[in-house]
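What follows is one structure encoded as structure tokens, with my remarks underneath.
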Amino acid sequence: MVLLLAIVTGLLGGLTWARWRKQPYRSPNLQHLWLAFVAFLPQFVVIFLPVTREILPDWLAAVLLIASQIMLLVFAWMNRHMIGMVILLCGAALNFTVMTANGGFMPINPQTASRLIPEEVLRDFPTGSRVGAKDILLHPQDTHFEWLADRFLPPIWFPYQVAFSLGDVFIALGIFWLLAKPQSSVQFTQKGISI
Amino acid sequence: MKNTFASLVFFAQKINRQHIQLALVILSLVALVLGTGAPLEGGGVGR
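Protein chains in written order, with the numbering used here: chain A, -10 to 184; chain B, 18 to 64.
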């Protein structure tokens, strides 16, 4: 939800900027769109399709999540000529690293999870069990790359509570930039990077 | 009935290739963001 909000605000920003300049909005010039849809299919099966979500064992869900993320990373890499996509690619790589290092799921420590899950419900989730769509409950000392895990929270008074990772921040910034400034490109040359 | 059909045709004519392209790009970005991001939201617990 929080990442979809970044898409909506980025798109609104881009449309407003285009109208301000009295030019038509031009969408990002993405290549190999089909790959994004194919890559998302395994996650659709694991997370969004109720029938398969209930019956798939955790190990298979982890394999499908990792396979899907590899394909999405390839898609982002193929479109790295845009600044927003480079930022997003960094975030995706960070999330991929921490998830792969922790059995295919995003680690979250019980203390962070307690801000999102009622105490009595959390008691039913032993350490190492899956919570939410992609997360796994792990103590910080048992977590690889703990600094990349879902460890950030909004202020307690904020009405919408969500735990997010450093990678999620990069992904949100990247997608916002991609849609707000779709024509800003980056070139990789032998001398370095030119924007 | 005739009016409804006429307005449908009118809207269909307004949808051009660029609109379809934009819709596909946004859908692919939604897939990319949902697929690579992993926030845990309050209330989204369990499987």
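Note that CB positions come from ideal geometry on N, CA and C, so glycine has one too.
Quantities reported herein were computed from a predicted structural model and do not represent experimental measurements.
Verify the CB distance criterion: does Ala65/A have a CB-CB separation below 8 Å to chain B? Here the question's residue 65/A lines up with position 76 in the first sequence. Yes - at least one Cβ of chain B is within 8 Å of the one on Ala65/A.
Compute the distance between the beta-carbons of Leu61/A and Ala7/A, then report whether it is under 8 Å. The count along the first sequence starts at 1 and reaches residue 61/A at position 72. The count along the first sequence starts at 1 and reaches residue 7/A at position 18. No. Outside cutoff.
If we define contact as Cβ-Cβ less than 8 Å, is Gly93/A a contact residue for chain B? Counting from one through the first sequence, the residue named residue 93/A turns up at place 104. No - not a single Cβ of chain B is within 8 Å of the one on Gly93/A.
Can you give me the Cβ contacts of Phe141/A inside the same chain, cut-off strictly under 6 Å, excluding the 5 residues immediately before and after it? Against the first sequence, residue 141/A aligns to sequence position 152. Within the same chain, Phe141/A has close Cβ partners Phe153.
So, Leu127/A versus Thr116/A, is the Cβ gap smaller than 8 Å? Counting from 1 along the first sequence, the entry for residue 127/A is found at position 138. Counting from 1 along the first sequence, the entry for residue 116/A is found at position 127. Contact flag set, yes.
Pro39/A (DSSP reduced to helix, strand or coil): For the purposes of this step, residue 39/A is identified with residue 50 of the first sequence, where counting begins at 1. If DSSP states are grouped into helix, strand and coil, Pro39/A belongs with the helices.
Of all Cβ atoms in chain A, is any one closer than 8 Å to the Cβ of Thr21/B? Looking up residue 21/B in the second sequence gives position 4. So, not an interface residue.
I'd like to know if Leu41/B contacts chain A, where contact means its C-beta is closer than 8 Å to some C-beta of that chain. Here residue 41/B refers to the residue found at position 24 when the second sequence is read from its first residue. Closer than 8 Å: yes.
Neighbouring residues, chain A, relative to Leu51/B (Cβ below 8 Å): Taking the first residue of the second sequence as 1, we reach residue 51/B at position 34. Those within 8 Å of Leu51/B in chain A are Leu(-8), Leu(-7), Phe29 and Gln32.
If you count every other CB in all the chains shown that lies within 10 Å of the CB of Pro39/A, and 16 or more means buried, which is it? Position 50 of the first sequence, counting from 1, holds the residue named residue 39/A. Exposed is the call here.
Extent of the continuous beta strand (DSSP E) run through Ile125/A: Position 136 of the first sequence, counting from 1, holds the residue named residue 125/A. First-last of the beta strand (DSSP E) with Ile125/A: Asp124 to Leu126.
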